[in-house]
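K.L.:
This structure is in C-alpha cells; I'll ask about it shortly.
Number of protein chains: 2
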Amino acid sequence: MNMAMLSPFPAFATLSAQERKLIATASSPKIVAAGQPAFSEGDPTNHCFLSLSGHLKLVRTASSGEIVILGFVDPGEPFGLGVTHEIRRPASAIALRESKLAVWPIAIWRELQNEIPGLTLSVNHILEKRLFDLQERFVEMACLDVPRRVALAVLRLIDRAGRREADGVRIAFPVSRHDVAALTGTTLHSASRILVRWKRQGVIAGGRRTLLVRDVPALIRLATDPEADVSPWGQRR
Amino acid sequence: MNMAMLSPFPAFATLSAQERKLIATASSPKIVAAGQPAFSEGDPTNHCFLSLSGHLKLVRTASSGEIVILGFVDPGEPFGLGVTHEIRRPASAIALRESKLAVWPIAIWRELQNEIPGLTLSVNHILEKRLFDLQERFVEMACLDVPRRVALAVLRLIDRAGRREADGVRIAFPVSRHDVAALTGTTLHSASRILVRWKRQGVIAGGRRTLLVRDVPALIRLATDPEADVSPWGQRR
DNA sequence: CGCCATATTTGACGCAGTGCAAATAAGGCC
DNA sequence: GGCCTTATTTGCACTGCGTCAAATATGGCG
C-alpha cells in the first residue's frame with residue numbers, strides 16, 4: 270500500500286513519514302462488499318484492520334440470539350485490534366457499504382508496535398475513546414427509557430455519518446429499524462413505533478434502511494428534555 | 270516509592286527492573302479512606318493512579334441523578350488513565366475499603382510512556398480488557414432480564430473478590446443492595462426482592478452491605494439456564 | 001412491469017419491573 | 001445497652017414496552 274494513504278488519518282498523524290511508510294508497506298489491501306464481514310464472531314484473531322473507506326458495524330450475538338451493535342467503524346479508524354486478550358473474535362465486523370481495508374497479520378502488527386512507540390500510543394488513544402463511548406452508552410442503557418435512547422442513538426449517528434442535505438441531515442449508510450433496535454437494546458417493533466411517531470411529527474423521514482433527520486433540534490429536545498415526548502404507546506384509559 | 274512494590278503487579282511484569290524503578294520513583298503514595306474518592310466526576314484529569322491495595326469502584330452519575338457502576342479496581346490495577354481524551358474525569362473512583370495508591374502527575378506519566386514503550390503496551394492491555402469487559406456487560410444489559418443480570422454481576426464479583434469461607438464464598442468488600450442495582454441497571458427495590466428470594470432458597474446469605482454466596486453452581490444456573498428462576502414478583506392471580 | 005423477498009408498520013394483550021410509601025432491621029456510637 | 005442513622009425489606013398499584021400475530025409497504029430483479 271502507498272504510504273500516502275495513511276497520512277490523512279488522525280490515527281497516524283503523529284508519526285513520521287518514514288514510520289508511516291513502514292506501516293503502510295507491511296499492510297495488504299482488502300475489499301469487503303456491503304453486508305459482508307471483515308471478520309466474524311469466533312474467528313481466530315489473526316489480523317488487525319484499518320478502514321480506508323466505507324463504514325462497518327461491530328455486532329455481537331447474545332446467547333439468546335439477539336443482536337447488539339457495539340459500535341461503528343468510520344473511514345480512517347483502525348479496528349479488530351483486540352489482539353492482546355482474545356484468541357477468538359468476540360464480535361463480527363460487518364461492512365455497511367463496500368469498504369476498503371488495510372490488513373496486517375497480527376505478528377507483523379506486534380512488531381510494528383514494538384518498533385514504533387508512537388503507534389502504540391495511537392492505539393491507546395483509540396481504545397480509550399472506544400471505552401469512553403461505550404461507558405456513555407452503558408449509562409444510557411441503565412438510566413434512560415427507550416425513546417430517549419433511540420433519540421441519542423440517532424444523534425450519535427448524525428455526528429458520525431451525517432451528510433447535510435436540502436431538507437435535513439442524512440445518515441450516510443443504511444440503517445434498518447432492526448439496527449436501531451440493536452443499537453439501543455430494544456425490539457424492532459418498539460423502534461419502529463417510535464420512529465413512526467417522529468416521522469408523523471416531521472422530525473425525521475426516510476424509508477427502507479434510510480434515515481433522514483429533518484429537525485435536529487427537535488431530536489435533541491426529545492433526547493434530553495425530561496418533559497419531552499409522550500411515548501408512542503398511546504394512553505391507556 | 271520502593272520499586273519492589275511494583276514488581277508483583279502484572280501490569281508491570283514485562284518491564285525490566287530498571288524501568289520499574291524509574292516508574293516507581295516518579296510516583297507519590299496516597300491513602301484513601303473507605304468511602305472517599307480518589308478523584309471525582311468533573312475533576313481535572315491531572316493524575317494517573319495505581320491501586321496497591323484495597324478496592325475501588327468507578328461510578329458515574331447520570332443526568333437523572335441515578336448512579337451507575339462502570340467497574341471496579343483491584344489491587345495492582347492502574348486506573349484513571351483516561352488522560353488522552355478527557356480534560357475532566359467522566360467518573361468518580363470511590364474506595365470501598367481503605368486503599369493505598371501510587372499517583373503520578375499526568376505530565377510525568379506521559380514522559381514515562383514515551384521513555385518506556387513497554388509501559389504503553391501494558392496500558393494498552395488494560396484498556397483492552399476494560400473495553401471487552403464493558404462490551405460483555407453492555408450486551409447483558411441489552412438482552413437479559415434483571416434477575417439474570419444480577420446473577421451475572423454477583424458471579425463477576427466472586428471471581429474479582431471472592432474469598433472462600435466455611436459456608437460459601439464471601440465478597441471481600443462491602444456491597445450494598447444499592448450497589449447491586451447500580452451494577453445491573455435496576456432499582457434498589459428490585460435488587461432487594463431478587464436477593465431476598467435467593468436468600469430464602471439458600472443460594473446466598475449476608476446482611477447489611479455484605480454478600481456471601483453459599484451455592485455458586487446454583488447461581489450459575491440462575492444466570493445461564495433459560496428455564497431457571499421464576500422471577501420474585503410472585504404469580505399474580 | 002410485475003413478482004418476491006425483505007422491511008416496516010400496526011393492533012391487542014400481558015407481565016416484568018418501577019414508583020411510592022412505609023415498615024423493619026442492623027450496626028455504630030455514646 | 002439504648003438511640004439514631006442508614007440499609008433493607010415489603011405491599012400495592014400502575015405502566016412501559018416486549019410478545020405474538022398479521023397486514024402492508026418497498027425496492028430489486030428477472
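Top line first, the protein sequences correspond to chains F and E.
Sequential numbering from 270 applies to the first sequence in my numbering.
Sequential numbering from 270 applies to the second sequence in my numbering.
Every residue, glycine too, gets a C-beta built ideally from N, C-alpha and C.
Could you tell me whether any Cβ in chain E is nearer than 8 Å to the Cβ of C412 of chain F?
P.N.:
For C412 of chain F, the answer is yes, since a Cβ of chain E falls inside 8 Å of its Cβ.
K.L.:
Report the neighbours of Q287 of chain F on chain E: residues whose CB is nearer than 8 Å to its CB, in chain order.
P.N.:
Here the premise fails: no neighbours, minimum Cβ distance about 17 Å.
K.L.:
Would you say F318 of chain F touches the ligand ZN, meaning its beta carbon is less than 7 Å from a heavy atom?
P.N.:
Among the components modelled here there is no ligand, and therefore nothing to report on the ligand ZN.
K.L.:
When the Cα of S368 of chain E is compared with those of E:P347, E:T455, E:N383 and E:P374, which residue comes out closest?
P.N.:
Considering only alpha carbons, the answer is E:P347.
K.L.:
Curious, which full-length beta strand (DSSP E) runs of at least 3 residues does the region 324-373 of chain F contain?
P.N.:
Runs of the beta strand (DSSP E) inside the region 324-373 of chain F: 325-330, 336-342 and 361-364.
K.L.:
Quick one: does R506 of chain F have its CB under 8 Å from some CB of chain E?
P.N.:
At R506 of chain F the pLDDT is 48, less than 50, meaning the model places this residue with poor confidence; the figure from the coordinates comes in the next sentence. By this cut-off, R506 of chain F is not an interface position.
K.L.:
Would you be able to state if there are at least three C-beta pairs under 8 Å between the region 408-420 of chain E and the region 456-465 of chain E?
P.N.:
Output reads yes: the region 408-420 of chain E touches the region 456-465 of chain E.
K.L.:
Consider the Cβ of N315 of chain F: report whether some Cβ of chain E lies at a distance smaller than 8 Å.
P.N.:
Cβ-Cβ to chain E under 8 Å: no for N315 of chain F.
K.L.:
With H, G and I counted as helix, E and B as strand and the rest as coil, what does DSSP make of L284 of chain F?
P.N.:
Of the three classes helix, strand and coil, the one that applies to L284 of chain F here is coil, per DSSP.
K.L.:
Spatial neighbours of A492 of chain F within its chain, please: CB distance less than 8 Å, with the 5 preceding and 5 following residues excluded, ordered by chain position.
P.N.:
Within the same chain, A492 of chain F has close Cβ partners R417, A420, L421 and L424.
K.L.:
Considering only their Cβ atoms, is the gap separating P344 of chain E from S320 of chain E smaller than 8 Å?
P.N.:
Against a cut-off of 8 Å, the Cβ pair of P344 of chain E and S320 of chain E comes out as a contact.
K.L.:
With three or more C-beta pairs closer than 8 Å as the rule, is the region 434-442 of chain F touching the region 475-487 of chain F?
P.N.:
Contact holds: three or more Cβ-Cβ distances are below 8 Å.
K.L.:
Rounded to the nearest angstrom, what separates S500 of chain E and T479 of chain E at their Cα positions?
P.N.:
Each residue's Cα considered, the two are about 23 Å apart.
K.L.:
Would A497 of chain F count as contacting chain E if we go by Cβ distances under 8 Å?
P.N.:
So no, A497 of chain F is outside the interface.
K.L.:
Residues of the region 396-421 of chain E with a CB closer than 9 Å to any CB of chain F: list them in chain order, please.
P.N.:
Answer in chain order: L396, E397, K398, R399, L400, F401, L403, Q404, E405, R406, F407, V408, E409, M410, A411, C412 and L413.
K.L.:
Return the CA-CA distance between L403 of chain E and P279 of chain E, expressed in angstroms with no decimal places.
P.N.:
About 21 Å.
K.L.:
Do the CB positions of I338 of chain F and L327 of chain F come within less than 8 Å of each other?
P.N.:
Their beta carbons are under 8 Å apart, which means I338 of chain F touches L327 of chain F by this criterion.
K.L.:
Taking the alpha carbon of G340 of chain E as the point to measure from, which residue in E:A451, E:W467 and E:W502 has its own alpha carbon closest?
P.N.:
Nearest of E:A451, E:W467 and E:W502 to G340 of chain E, Cα basis: E:A451.
K.L.:
What residues are listed by DSSP as bridge partners for S322 of chain E?
P.N.:
Answer is E:K369, bridged to S322 of chain E.
K.L.:
Can you tell me which of F:S445, F:V472, F:D428 and F:C412 puts its alpha carbon nearest to the alpha carbon of S332 of chain E?
P.N.:
Looking at the Cα atoms, F:C412 is the closest of the given residues.
K.L.:
What is the DSSP secondary structure of P486 of chain F, reduced to helix, strand or coil?
P.N.:
Reduced to three states, the DSSP call for P486 of chain F is helix.
K.L.:
Does the beta carbon of A307 of chain F sit closer than 8 Å to a beta carbon anywhere in chain E?
P.N.:
Cβ-Cβ to chain E under 8 Å: no for A307 of chain F.
K.L.:
Going by DSSP, what residue range makes up the beta strand (DSSP E) through G475 of chain F?
P.N.:
Taken as a continuous stretch (DSSP letters only), G475 of chain F belongs to no beta strand (DSSP E), as it is neither H nor E.
K.L.:
Measure how close the beta-carbons of E310 of chain F and A364 of chain F come, nearest whole angstrom, since I'm counting them as under 8 Å.
P.N.:
Contact flag wrong, Cβ pair sits at about 15 Å.
K.L.:
Alpha carbon to alpha carbon, how far is I356 of chain F from E434 of chain F?
P.N.:
Approximately 43 Å between the Cα atoms of the pair.
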